[in-house]
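Peer 1: Handing you this structure, nothing more for now.
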Amino acid sequence: DSGVTQTPKHLITATGQRVTLRCSPRSGDLSVYWYQQSLDQGLQFLIQYYNGEERAKGNILERFSAQQFPDLHSELNLSSLELGDSALYFCASSVGTGKETEQYFGPGTRLTVT
Amino acid sequence: GDSVTQMEGPVTLSEEAFLTINCTYTATGYPSLFWYVQYPGEGLQLLLKATKADDKGSNKGFEATYRKETTSFHLEKGSVQVSDSAVYFCALRSNDMRFGAGTRLTVKP
Chain A
827 DSGVTQTPKH LITATGQRVT LRCSPRSGDL SVYWYQQSLD QGLQFLIQYY
877 NGEERAKGNI LERFSAQQFP DLHSELNLSS LELGDSALYF CASSVGTGKE
927 TEQYFGPGTR LTVT
Chain B
195 GDSVTQMEGP VTLSEEAFLT INCTYTATGY PSLFWYVQYP GEGLQLLLKA
245 TKADDKGSNK GFEATYRKET TSFHLEKGSV QVSDSAVYFC ALRSNDMRFG
295 AGTRLTVKP
């Protein structure tokens with residue numbers, strides 16, 4: 827158990843809908859990262875927050891947005907969903923932001939868009 | 195941009211065989227390098243890391259050496275067990291984290 831929690835574990839929704847994925851980092855970790863894992867794209871970095879502020883952006887679509895709240899939990903919002911958004915979405919956390927910092931991954935949320 | 199290339203799987207080995215999973219990278223600057231492991235139905239777990247050239251990361255019998263001259267970070271284990279069956283990801287981080295495509299390892303008794 828990494829100490830990172832994600833809810834829900836599974837999510838099934840229809841095209842065009844909007845969903846929210848939630849992540850609670852390990853106790854003491856200030857950084858939260860979101861990743862998408864799909865069969866065709868592999869594991870891709872989406873976005874990083876540090877202590878409530880956006881720190882880095884990766885291959886995140888404009889239909890997707892995220893935020894980190896004062897209690898450090900984070901939410902990833904996916905809107906106007908398409909079939910291609912079906913994937914595993916992972917959250918990770920770390921104490922700091924340096925390149926040597928270890929990231930701890932949650933169990934993931936499996937999103938299925940029908 | 196930064197990228198990671200790792201050997202394609204799947205890899206199937208017998209128990210106690212020697213394991214090598216090749217990983218090479220392209221990066222500007224001096225990235226940190228990582229190996230993560232993903233067991234079925236779970237998130238990624240950090241296996242080992244190296245933060246500068248010639249560093250050797252090791253954990254649970256696995257090891258990898260940061261080779262700047264060959265831009266490589268190959269994962270090795272001298273004697274694999276059935277419980278090592280999983281998907282292994284090589285990754286680098288300069289700014290954001292970049293992962294390889296993953297290599298599925300199956301160890302048979």
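Protein sequences, first through last, are from chains A and B.
Going by the working numbering, the letters in the first sequence line up with residues 827 to 940, in that order.
Going by the working numbering, the letters in the second sequence line up with residues 195 to 303, in that order.
Positions of the beta carbon are idealized from the N, C-alpha and C atoms, including for glycine.
(1) Can you have a look at residue 214/B and say buried or exposed, based on whether 16 or more other CB atoms are within 10 angstroms of its CB?
(2) By a C-beta neighbour count over all protein chains shown, 10 Å radius and 16 as the cutoff for buried, is residue 233/B buried or exposed?
(3) What in chain B is Cβ-close to residue 874/A, meaning under 8 Å?
(4) Relative to the alpha-carbon of residue 211/B, which residue among 293/B, 276/B and 248/B has its alpha-carbon at the smallest distance?
(5) Using three-state DSSP, classify residue 878/A as helix, strand or coil.
(6) Indicate the three-state DSSP secondary structure (helix, strand or coil) for residue 864/A in the structure shown.
(7) Among residues of its own chain, excluding the 5 on either side of residue 835/A, which ones have a beta-carbon nearer than 6 Å to its beta-carbon?
(8) Would residue 933/A count as contacting chain B if we go by Cβ distances under 7 Å?
(9) Cβ of residue 926/A less than 7 Å from any chain B Cβ?
(10) Just the C-alpha distance for residue 301/B and residue 878/A, rounded to the nearest angstrom, thanks.
(11) Could you give the first and the last residue of the continuous beta strand (DSSP E) run that contains residue 256/B?
(12) Going by other Cβ atoms of all chains shown within 10 Å of its Cβ, with 16 needed for buried, is residue 248/B buried or exposed?
(13) Considering only residues of the stretch 226-252 of chain B, which uninterrupted alpha helix (DSSP H) runs meet the minimum length of 4 residues and lie entirely inside it, listed in chain order?
(14) Would you please verify whether the beta carbon of residue 869/A is less than 7 Å from any beta carbon of chain B?
(15) For residue 288/B, name the three-state secondary structure that DSSP assigns.
(16) If the criterion is Cβ atoms closer than 7 Å, does the pair residue 872/A and residue 912/A meet it?
Peer 2: Quick look at the numbers:
(1) exposed
(2) Residue 233/B should be labelled exposed.
(3) 290
(4) 276/B
(5) In the displayed model, residue 878/A falls within coil according to three-state DSSP, outside both helix and strand.
(6) strand
(7) none
(8) yes
(9) yes
(10) 43 Å
(11) Residue 256/B: member of the beta strand (DSSP E) spanning 256-259, first to last residue.
(12) exposed
(13) none
(14) Yes, because at least one Cβ of chain B sits closer than 7 Å to the Cβ of residue 869/A.
(15) coil
(16) No, Cβ-Cβ distance for residue 872/A and residue 912/A is not below 7 Å.
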